[in-house]
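Let me begin by presenting the structure, written as structure tokens, before commenting on it.
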């Protein structure tokens with residue numbers, strides 16, 4: 001009986017579980033039906049919102065296109081500028097609907113309106129600033145100012161065309177005034193070119209400064225185009241009249257041009273040079289070399305090298321000027337005139353050193369001071385420094401290499417003519433002093449003892465050669481700092497430093513030989529005691 005009751009209870013329990021399960025399934029089905037309706041309503045709401053927004057955009061687009069066409073015909077550029085930007089933004093929302101004929105038609109009408117606007121604005125500028133003739137009859141107007149705002153929204157080529165035509169027309173007078181056959185076109189009147197553009201820029205700012213948007217940087221664009229035109233014109237006229245170029249004239253033109261480039265750097269940022277027309281030079285590494293920089297408490301040889309700094313103003317660093325070389329680059333092919341002039345000047349300087357040495361004779365003996373450095377040595381390196389600084393302002397390319405070759409030539413000449421050439425000879429038959437000839441002279445009686453004046457001369461030449469050796473090394477370092485990085489490997493003054501080392505060695509050998517000759521009689525007498 002208990003077992004039967006338990007089985008009945010289990011059957012009832014199973015029945016209740018089944019009822020609960022059926023109710024759960026019905027509830028789940030009911031929830032699905034409810035959520036399905038909510039999801040459908042959610043999709044409907046989103047689609048309805050999108051439809052309303054799209055219809056609003058379509059209404060704005062259709063009305064905007066009609067207004068745009070009407071305003072374009074009336075040249076209401078001020079309103080067109082704002083409206084066109086809005087129409088273009090709205091049209092972007094319809095990119096995925098271009099398959100619909102009506103939308104595609106509206107898009108084509110917008111493009112047609114943009115093309116018409118571009119052509120109309122170009123025609124208005126052409127009418128206001130005709131390319132033919134040098135006189136600009138039209139002044140700035142509100143219509144053209146608003147037209148520039150529209151051009152900002154149109155195809156960038158429209159803006160570039162406006163800028164190009166305006167600048168070309170603005171500089172047309174310059175090309176006439178400074179034609180190749182005009183007297184003012186030559187280098188001696190190069191100041192007039194820069195004075196002309198300064199006046200034009202002031203005139204532009206007063207008359208047309210407010211017509212173009214500030215972000216167009218029209219003043220800088222005019223100046224940059226002037227520089228490109230001037231560089232081309234100067235290159236052409238210098239090729240034609242290359243034989244008339246003299247050193248003073250060339251340096252005058254370069255100085256005035258670099259001053260003008262510095263003025264541009266102060267006035268403009270160089271933002272329109274981003275197209276790479278002028279390459280900005282790399283910043284050279286900071287120099288610790290005393291060859292050019294003054295240092296308090298420096299040694300005598302460094303102080304001598306600094307003498308020309310007092311009479312030469314400090315030049316602003318080239319890398320700070322984005323306009324460096326924008327015009328002056330045209331002078332670089334003609335810098336051979338400057339190099340040849342320095343070659344001639346250094347040749348005359350060496351000849352003068354030789355003549356002065358012969359006229360003044362060897363330095364007066366001074367046992368207390370020993371051998372003093374020859375004054376001509378300091379003069380030579382001061383002149384070298386002046387040439388190097390001047391040439392680096394003109395160019396840091398091949399002309400610097402050519403100047404280095406000239407430096408090497410006259411360093412060797414100085415070592416041969418001034419130093420080695422004036423060392424006292426040990427024998428009359430000796431063609432030159434060598435270590436081999438010194439070693440051959442064994443007997444003290446065969447060697448002429450040097451006088452005090454000759455010993456002081458040898459010491460002076462020795463001190464001078466040591467000074468030249470140290471300063472030549474500094475010169476090499478400074479030349480490498482001044483020249484382009486790609487050309488640094490071509491600067492090598494090792495041969496010249498070796499030449500001065502030979503002079504030092506020969507001077508020491510002479511002094512040792514004289515001491516040996518002076519001691520020889522006493523040592524011989526001692527050996528006989």
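Residue numbers (full-length UniProt numbering): 1 to 529.
We put the CB at the ideal spot given by N, CA and C, even for glycine.
Treat the numbers as computed from the prediction; the structure is a model and nothing was measured.
For residue i, the nearest candidate out of the options (CA to CA)
{"i": "residue 81", "options": "150, 89 and 58", "result": "150"}
{"i": "residue 422", "options": "396, 52 and 506", "result": "506"}
{"i": "residue 257", "options": "466, 391, 187 and 269", "result": "187"}
{"i": "residue 263", "options": "514, 195 and 206", "result": "195"}
{"i": "residue 396", "options": "74, 487 and 233", "result": "487"}
{"i": "residue 73", "options": "50, 117 and 25", "result": "117"}
{"i": "residue 460", "options": "418, 37, 479 and 31", "result": "418"}
{"i": "residue 204", "options": "352, 75 and 167", "result": "167"}
{"i": "residue 54", "options": "103, 18 and 35", "result": "103"}
{"i": "residue 393", "options": "332, 1, 153 and 43", "result": "332"}
{"i": "residue 165", "options": "192, 221, 242 and 485", "result": "221"}
{"i": "residue 457", "options": "400, 510 and 269", "result": "510"}
{"i": "residue 156", "options": "184, 245, 185 and 122", "result": "122"}
Cα-Cα separation between residue i and residue j, rounded to whole angstroms
{"i": "residue 13", "j": "residue 22", "result": "14 Å"}
{"i": "residue 163", "j": "residue 70", "result": "27 Å"}
{"i": "residue 33", "j": "residue 110", "result": "48 Å"}
{"i": "residue 345", "j": "residue 355", "result": "15 Å"}
{"i": "residue 213", "j": "residue 146", "result": "10 Å"}
{"i": "residue 335", "j": "residue 482", "result": "16 Å"}
{"i": "residue 348", "j": "residue 381", "result": "15 Å"}
{"i": "residue 56", "j": "residue 26", "result": "45 Å"}
{"i": "residue 126", "j": "residue 160", "result": "14 Å"}
{"i": "residue 446", "j": "residue 412", "result": "Legend: pLDDT at residue 446 = 49, less than 50; position of this residue unreliable, value from coordinates given subsequently. Rounded to whole angstroms, residue 446 to residue 412 spans 32 Å at the Cα level."}
{"i": "residue 255", "j": "residue 120", "result": "46 Å"}
{"i": "residue 373", "j": "residue 398", "result": "33 Å"}
{"i": "residue 520", "j": "residue 512", "result": "12 Å"}
{"i": "residue 416", "j": "residue 190", "result": "44 Å"}
{"i": "residue 108", "j": "residue 124", "result": "24 Å"}
{"i": "residue 29", "j": "residue 35", "result": "10 Å"}
{"i": "residue 17", "j": "residue 9", "result": "12 Å"}
{"i": "residue 440", "j": "residue 529", "result": "Residue placement at residue 440 cannot be trusted, given a pLDDT of 45 that sits under 50; what the coordinates show is reported in the next sentence. Roughly 28 Å separates the two Cα atoms."}
{"i": "residue 182", "j": "residue 154", "result": "42 Å"}
{"i": "residue 15", "j": "residue 47", "result": "48 Å"}
{"i": "residue 75", "j": "residue 260", "result": "41 Å"}
{"i": "residue 464", "j": "residue 342", "result": "23 Å"}
{"i": "residue 384", "j": "residue 177", "result": "41 Å"}
{"i": "residue 45", "j": "residue 37", "result": "12 Å"}
{"i": "residue 498", "j": "residue 269", "result": "48 Å"}
{"i": "residue 95", "j": "residue 59", "result": "16 Å"}
{"i": "residue 484", "j": "residue 148", "result": "43 Å"}
Proximity below 8 Å, CB of residue i to CB of residue j
{"i": "residue 469", "j": "residue 491", "result": "no"}
{"i": "residue 508", "j": "residue 406", "result": "no"}
{"i": "residue 231", "j": "residue 337", "result": "no"}
{"i": "residue 91", "j": "residue 62", "result": "no"}
{"i": "residue 235", "j": "residue 377", "result": "no"}
{"i": "residue 83", "j": "residue 64", "result": "yes"}
{"i": "residue 449", "j": "residue 517", "result": "yes"}
{"i": "residue 493", "j": "residue 476", "result": "yes"}
{"i": "residue 171", "j": "residue 225", "result": "yes"}
{"i": "residue 408", "j": "residue 489", "result": "no"}
{"i": "residue 240", "j": "residue 180", "result": "yes"}
{"i": "residue 77", "j": "residue 143", "result": "yes"}
{"i": "residue 250", "j": "residue 223", "result": "no"}
{"i": "residue 391", "j": "residue 400", "result": "yes"}
Per-residue burial, residue i [other beta carbons within 10 Å of its own, 16 or more giving buried]
{"i": "residue 359", "result": "exposed"}
{"i": "residue 322", "result": "buried"}
{"i": "residue 296", "result": "With a pLDDT of only 38 at residue 296, under 50, the local geometry of the prediction cannot be trusted, and no value is derived from it."}
{"i": "residue 527", "result": "exposed"}
{"i": "residue 210", "result": "exposed"}
{"i": "residue 7", "result": "exposed"}
{"i": "residue 525", "result": "exposed"}
{"i": "residue 237", "result": "buried"}
{"i": "residue 114", "result": "buried"}
{"i": "residue 278", "result": "With a pLDDT of 40 at residue 278, under the threshold of 50, the predicted position of this residue should be treated as unreliable, though the coordinate-derived value follows. Classification of residue 278: buried, given that the 10 Å Cβ count is 16 or more."}
{"i": "residue 50", "result": "exposed"}
{"i": "residue 253", "result": "buried"}
{"i": "residue 229", "result": "buried"}
{"i": "residue 112", "result": "exposed"}
{"i": "residue 19", "result": "exposed"}
{"i": "residue 324", "result": "buried"}
{"i": "residue 523", "result": "exposed"}
Rounded Cβ spacing between residue i and residue j (contact assumed at less than 8 Å)
{"i": "residue 68", "j": "residue 87", "result": "6 Å"}
{"i": "residue 271", "j": "residue 217", "result": "6 Å"}
Any non-hydrogen atom of the ligand ADP within 7 Å of residue i CB
{"i": "residue 450", "result": "Although the ligand ADP was asked about, the structure shown includes no ligands whatsoever."}
Residue i at chain D interface by Cβ criterion, 8 Å
{"i": "residue 204", "result": "Looking at the structure shown, chain D is missing, and only one protein chain is on hand."}
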